[in-house]
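Okay, so here's the structure we're looking at.
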Amino acid sequence: MLDLALLRRDPQRVRRSAERRGFGAGFVDEVVELDARLRAAKTATEALKAEKNALTATIAKAPDRAAEAARLRPVIATLEERIAIAAAAVPPLEAAIDALLADVPNVLDDSVPDGSGEDDNVLVRDSGPPPPLGFEAKPHWEIGEALGILDFERAAKLSGARFSVLRGPGARLSRALAAFFLARAQERGYVEIAPPLLVTPQTMWSTGQLSKFADAMFYDADAGLFLIPTAEVPLTALHANEILPGEALPLQYAAHTACFRKEAGAAGKDTRGLIRQHQFEKVELVWLADPQKSFETLERLTADAEALLQELELPYRVMLLCGADVGFNAAMSYDLEVWLPGQNTYREISSCSNCTDFQARRAQIRFRRDPNAKPELVHTLNGSGLAIGRTLVAVLENYQQPDGSVLVPAALVPFAGFETITPDGVAH
RNA sequence: GGAGAGGUGGCAGAGCGGUUGAAUGCAGCGGUCUUGAAAACCGCCGGCGGUGAUGAAUCGUCCGAGGGUUCGAAUCCCUCCCUCUCCGCCA
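FYI, my numbering numbers position 106 of the first sequence as 109, with every residue one higher than the one before it.
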């Protein structure tokens, strides 16, 4: 949620950000106007209420309360009618402002480059040109099915399209990735959390998933609970409605969870393989940071995710997202893209974002810089460290051998407990 | 799912329907004292919003949430949520 005060103070900045996102800026003038009317209505209402409260107090102080009450009742009744009329103007104005603001994305940071789509994202750095395999690269689904460690047919039998079954060494490798990611996260100061995977609409709202993305999520109307599309939701909202002591910051959380997405708008896209599933696993990294340090924190978070790719020796690049590509909640984002030789392309494996105070305002996550200071909103950041399914894809495609076997990255061996999957699908 | 108890400020814990935004204690902050610290003593010490200069001041609002009764509700009534205890069920 945008800061109304910012909108009042610097509408030009909000307008420019919206335009750079390709989001209409018409809401700015509308909100500013509604806000002025809202404050006028509130001031009027509150003046009348103050009048009424003063009369009530005189009753309380009168020697004969009953007599005084009887005397003032008609006056108060008149006031009450005027209060009701004045107050009636407030909720519609609030609702109108909320409705306008609910779908407005965060204000972009000035350092975000202009652009109209992912082709305008800016390459920040990469791990060098991907080393050639020296033979015809196969896509991961062919590798995995040949080894008997990926089974999409049986997954479809069980659950329909966009599900997968991992078997034997495939399942073990996936579990090893999770353990590896969590171990590194812990070494870098993240506290591991095992959160609920089902959360309330309120929680979804607080981290910006509602109401814009409602149709992309699994929801049980009966229970009134959403399946999380990412652990960003419970991790970020963990301290909702809290005022943290200043020395508690920064807070770093990591969670390995399943994530659930309908991918409603993705029909026909990435229909093969593990890239786009209704259910996938991910280790998510979240920071609650001092607002003055959130942009350096974004560099740190990105480096933490990047280090995982380096250690796995997977070719990757870091992209700074352009204005049109930055997500709803974020002010600035880096995408980590891993090289997939089977598809001859880079694919997103982590998106690291500084959401500034946008989620914190919705979730009311605050802190006191000093014990007597006014509460301030924290800044929230999130990124995958990393997406497990997509990392498995990258390992299969980058570590495939001419004979159909797959090597396990050295860093992963201690977690997997094996070094290779031979062409017969056996782990050694 | 059934029965009972309870939800008040950072914590603990009071609160006859009427200057109660809320006693008291602890914690925190500022100060006195001290070479320093502790102790003692004094003062301050909730959130949100409006007016105002992001100051002083002032007003409104909030005692789990939402309604209701009343001139007036933390205090009475209704609904919901949550927590705890016991029983049942269960991975």
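We put the CB at the ideal spot given by N, CA and C, even for glycine.
Every value quoted in this text rests on a predicted model; they were computed, and no experiment measured them.
C-beta atoms of residue i and residue j nearer than 9 Å
{"i": "ALA99", "j": "LEU10", "result": "no"}
{"i": "SER387", "j": "LEU238", "result": "no"}
{"i": "LEU252", "j": "VAL381", "result": "yes"}
{"i": "HIS281", "j": "LYS265", "result": "yes"}
{"i": "PHE283", "j": "LEU230", "result": "no"}
{"i": "VAL34", "j": "LEU126", "result": "no"}
{"i": "ASP223", "j": "LEU200", "result": "no"}
{"i": "LEU384", "j": "LYS285", "result": "no"}
{"i": "ASP338", "j": "LEU317", "result": "no"}
{"i": "ARG128", "j": "ARG320", "result": "yes"}
{"i": "VAL329", "j": "LEU111", "result": "yes"}
{"i": "VAL396", "j": "ILE278", "result": "yes"}
{"i": "VAL194", "j": "TYR256", "result": "yes"}
Through-space distance from residue j to residue i, alpha-carbon basis
{"i": "PHE421", "j": "HIS431", "result": "5 Å"}
{"i": "ARG191", "j": "LEU185", "result": "10 Å"}
{"i": "ALA219", "j": "SER177", "result": "25 Å"}
{"i": "PRO172", "j": "GLU379", "result": "48 Å"}
{"i": "ALA63", "j": "ARG76", "result": "13 Å"}
{"i": "ALA1", "j": "TRP208", "result": "Look at the range of the chain in this structure, 4 to 431, and you will see that residue 1 is not part of it."}
{"i": "GLU250", "j": "ARG372", "result": "8 Å"}
{"i": "ARG40", "j": "PHE30", "result": "15 Å"}
{"i": "PRO116", "j": "MET322", "result": "11 Å"}
{"i": "ALA92", "j": "THR300", "result": "43 Å"}
{"i": "PRO142", "j": "PRO232", "result": "26 Å"}
{"i": "LEU291", "j": "ILE246", "result": "12 Å"}
{"i": "THR423", "j": "ALA234", "result": "31 Å"}
{"i": "ALA327", "j": "ASN56", "result": "52 Å"}
{"i": "THR359", "j": "ILE391", "result": "26 Å"}
{"i": "ARG157", "j": "LEU254", "result": "42 Å"}
{"i": "PRO50", "j": "ASN109", "result": "Reading the sequence as shown, one finds Ala at residue 50 and not Pro. Spanning the two alpha carbons is a distance of roughly 35 Å."}
{"i": "MET335", "j": "ASP123", "result": "14 Å"}
{"i": "ASP437", "j": "HIS242", "result": "Residue 437 cannot be examined here, being either before or after the span of the chain that is shown, 4 to 431."}
Contacts around residue i, its chain only, beta-carbon distance under 8 Å, and the 5 residues preceding and following it disregarded
{"i": "ARG175", "result": "ALA419, GLY420, PHE421, ALA430"}
{"i": "ALA159", "result": "PHE166"}
Nonlocal neighbours in the same chain, by C-beta distance under 6 Å from residue i, ignoring five residues either side
{"i": "ALA65", "result": "GLU71"}
{"i": "GLY276", "result": "HIS143, TRP144"}
Buried versus exposed, by CB contacts within 10 Å (16 or more), residue i
{"i": "GLY211", "result": "buried"}
{"i": "PHE361", "result": "buried"}
{"i": "GLN15", "result": "exposed"}
{"i": "GLU340", "result": "buried"}
{"i": "ALA240", "result": "buried"}
{"i": "SER353", "result": "buried"}
Close beta carbons around residue i, own chain, < 7 Å, minus the five adjacent residues each side
{"i": "ALA197", "result": "ALA258"}
{"i": "ALA47", "result": "ALA89"}
{"i": "LEU304", "result": "LEU288, TRP290, CYS355, LEU384, GLY386"}
Legend entry - At least 3 beta-carbon pairs within less than 8 Å: the stretch 357–368 vs the stretch 305–325: Verdict: no, contact absent.
Legend entry - Three CB pairs or more closer than 8 Å across the stretch 400–411 and the stretch 342–349: Contact between the stretch 400–411 and the stretch 342–349 is present, because at least three Cβ pairs lie under 8 Å.
Inset, instruction - Examine the Cβ distances between the stretch 402–412 and the stretch 128–146 and report whether three or more of them are shorter than 8 Å. - result: The stretch 402–412 makes contact with the stretch 128–146; the number of CB pairs closer than 8 Å reaches 3 or more.
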